[in-house]
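Engineer: For the sequence shown, my numbering assigns the number 6 to the initial residue and increments by one for each residue that follows. Note that CB positions come from ideal geometry on N, CA and C, so glycine has one too. Please read these numbers as outputs of a predicted model, since none were measured by experiment.
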Amino acid sequence: MGNQVAFVYSSGREQMHVKIAPSILSADHGNMTSDAVRAQSWGADWLHVDIMDGKFAPNLTFGPGLVKAIRPKVSIPLDCHLMLAEPEKYVEKFLEAGADLVTVHAEAITPSSIELIQQSVRKYGKKLGIAFRPATPVSDFDFDGVDCSMVLVMSVNPGFSGQKFMPEILPKLQKVSKMFGSQTNKHVEIEVDGGVDTSNAKLLVEHGATVLVAGNSVLGQPDQERAFQELRNIVGSADA
Ligand code: DX5
Ligand code: ZN
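Right under this line is the structure:
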């Protein structure tokens, strides 16, 4: 692989490097850390780690132990998507384990729990994201007083990899992009998660996405590296 250079994509919003975050939910569960290392070697910008409790989402996945196991193996940020009914109870465990960014769901937090979550994030010097299920309007959440580094727009219902992308989220994505676009003085990433592949990646970037999560379309493929590079090529070549 050649030297990585920042790819510049002109979306009309600003010129930016579009990040790709392979989701290890689609990795080989017998070799999670080696899939993480391989993804980094292809040029993955972040690793997306889906945490589900069987309450907020109808699936059970990983705990902080997996984050702790992966942390020393890669240097790229660990993007932990907490699909938990009571995220305030667990955020600190994931930060302690090595999460760089913890994303909690707007549907699962209250003004008092977000304050506790923010205290933990500040204590560890890490970043906070706010996620929205496909059916949740972004206006349902009051961003005032929330030091948010990322908005995650889900394009499938939380639970499983390999679901079909829901194009009805596109207006919401555009709205979020307008709310947090380049006109603000603080950069907020806009991540799209669910059913992202080579058929919709460009459209998502055009609607304001700055981070694309890829589960089945990369780590779920027989030739994962090739699948990653195909997606990278859609949003720009990482090699000079
Ligand atoms: C779904 C998860 C996603 C999932 C994406 O609840 O939040 O991050 O890993 O997988 P794909 O890309 O296969 O839809
Ligand atoms: Zn996710």
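CA-CA distance, G164 and K191?
Structural biologist: The alpha-carbon atoms of G164 and K191 are separated by roughly 31 Å.
Engineer: For K24, count neighbouring Cβ atoms within 10 angstroms of its own Cβ and tell me buried if that reaches 16, exposed if not.
Structural biologist: Buried, by the Cβ-count rule.
Engineer: Any heavy atom of the ligand DX5 inside 7 Å of the beta-carbon of Q168?
Structural biologist: Yes.
Engineer: Is any heavy atom in the ligand ZN found nearer than 7 Å to the beta carbon of D55?
Structural biologist: The answer is yes for D55.
Engineer: Run the CB neighbour count on E173, radius 10 Å, all protein chains shown included, and call it buried at 16 or more, exposed below.
Structural biologist: With fewer than 16 Cβ atoms within 10 Å of its Cβ, E173 is classed as exposed.
Engineer: DSSP state of T203, grouped into three classes?
Structural biologist: If DSSP states are grouped into helix, strand and coil, T203 belongs with coil.
Engineer: Is it buried or exposed, A167, if we count other Cβ atoms within 10 angstroms and call 16 or more buried?
Structural biologist: Looking at the sequence itself, residue 167 is Gly, so the reference to Ala does not match. By the neighbour-count rule (16 or more Cβ atoms within 10 Å), G167 is not buried but exposed.
Engineer: Using a Cβ-based criterion (distance less than 7 Å to any ligand heavy atom), does S28 qualify as near the ligand ZN?
Structural biologist: Yes.
Engineer: When you compare the region 202–222 with the region 34–43, are there three or more beta-carbon pairs, one atom per stretch, that lie closer than 8 Å?
Structural biologist: In short, these stretches do not touch, since the Cβ pair count stays below three.
Engineer: What residue range does the alpha helix (DSSP H) around T38 cover?
Structural biologist: Start and end: M37 to W47.
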